[in-house]
Amino acid sequence: MAEVCDDLLLAYPPVGASKLRRLMSLPNTVRLTVALDSVESAEQLEREAAEAGRSVGVLVEIDVGLHRVGVQSLEGMLKLVRRVADHSFLEYRGIAFYPGHIRGGATVQDDVAQLGADLQVAIRALDKADLHPAVVSGGSTPTVWQSHLLEGLTEIRPGTYVYNDRTTVQAGACDWDDCALTVLATVVSIAVPGQAVIDAGSKALGREPPLDGDGFGVLIDQPEVTVVRLSEEHGILNLGTSRWRPRVGETVRILPNHGCIVVHAHEKIYGVRDGRVETSWPVTARGRRRLQVGTRL
Ligand SMILES: Cc1ncc(COP(=O)(O)O)c(C=O)c1O
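Heads up: take any position in the sequence shown, counting from 1, add 9, and you land on this note's numbering.
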């Protein structure tokens, strides 16, 4: 990302020396901000930032209902913000949150109203303590169309919306026609009655369940057909819901339940227009750090 953007937010607590050193090795021209929720994380970051001689921005993560990460109380938030503001190599920039618990289309308005009220309480508490958050960073794809209702929000972080997926359709945040990412697969067997087998299994589609209904993906051209069962290399299409009968060798395109996992599972994304591959993009941010032989764990 540093190659294409000089203002980066890492919306994840970077804990552990190797991650922190990798972060510090980003070019000094990058304005770096990190979201975190613990004193330990802030202190580790400060140590590495001091060693690297660079200042790092910090957003204190608050839990707005997903119960994944985030400080749990106003007191906890104020305490951590003060600790961050006291560190000489950390620059307190504001707060961050991720409303991943808000998904339902019809109920979104209610949940967002509550989120807006909770945010106001947090911002007011910070203002009162003379710790105004210059940045209030939050948001997701399902809540993107409600962002204007969140007073004080300064930036949004939708990600899935770039391609959308079956879950986003089911959450009511996009339409079927807004989905741009599909997995191209080939029918390799029709031997067992009532089903067809494609060469895309869990390694290609992921194993995330849908919000509604069944299956690990759905055929874009036969939306009544889902991938009901998966092995690593086999996807089982249920033909019991359709009159469509594929031949061995026929290709199909599958709309996955969760596009993010699918992108990570593939080395390249192909840009297709009118049935023709026009371009391809390598998925450079996939994979893991590499350990050298001899590294102490
Ligand atoms: C911290 C954080 N911010 C933003 C996003 C993007 O949200 P969405 O996938 O709903 O677009 C995610 C997704 O998992 C996330 O974990």
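A virtual CB, placed ideally from N, CA and C, is assigned to each residue, including glycine.
Quick one: using the 10 Å Cβ neighbour count with 16 as the cut-off for buried, is residue i buried or exposed?
i      : result
Pro23  : buried
Cys14  : exposed
His96  : buried
Leu300 : exposed
Val292 : exposed
Leu68  : buried
Pro255 : buried
Leu246 : buried
Ala51  : buried
Met86  : buried
Pick helix, strand or coil for residue i, following the three-state DSSP scheme.
i      : result
Ala126 : helix
Ala131 : helix
Val236 : strand
Trp185 : helix
Ser289 : strand
Arg102 : strand
Leu159 : coil
Leu54  : helix
Glu164 : strand
Val192 : strand
What span of residues does the alpha helix (DSSP H) with residue i cover, start to end?
i      : result
Ile199 : Premise fails: Ile199 is in no alpha helix (DSSP H) and is neither H nor E.
Glu84  : Leu83 to Asp95
Leu214 : Ser211 to Leu214
Arg112 : Careful: Arg112 lies outside any alpha helix (DSSP H) and carries neither H nor E.
Ile270 : Gly268 to His273
What residue range does the beta strand (DSSP E) around residue i cover?
i      : result
Arg262 : Thr260 to Pro265
Arg282 : Lys277 to Arg282
Val65  : Val65 to Glu70
Gly227 : It should be noted that the sequence gives Val, not Gly, for residue 227. Taken as a continuous stretch (DSSP letters only), the beta strand (DSSP E) holding Val227 covers Gly226 to Leu228.
Val178 : Where Val178 is concerned, there is no enclosing beta strand (DSSP E), although the alpha helix (DSSP H) it sits in stretches over Arg175 to Gln179.
Val145 : Val144 to Gly147
State the CB to CB distance for the pair residue i and residue j, rounded to an integer number of angstroms; the pair is presumed to be in contact (CB under 8 Å).
i      : j      : result
Val257 : Ile199 : 6 Å
Val261 : Leu228 : 5 Å
Gly210 : Gly244 : 5 Å
Leu264 : Asp174 : 7 Å
Val234 : Phe225 : No, Val234 and Phe225 are not in contact; Cβ-Cβ is about 12 Å, not under 8 Å.
Ranges of the beta strand (DSSP E) found wholly within the region 16 to 48, counting only runs of at least 3:
16 to 19 and 40 to 45
Residues around ligand 3, please: the ones whose beta-carbon is closer than 5 Å to some heavy atom of it, in chain order.
Within the structure as shown, ligand 3 is missing, the only ligands being ligand 1.
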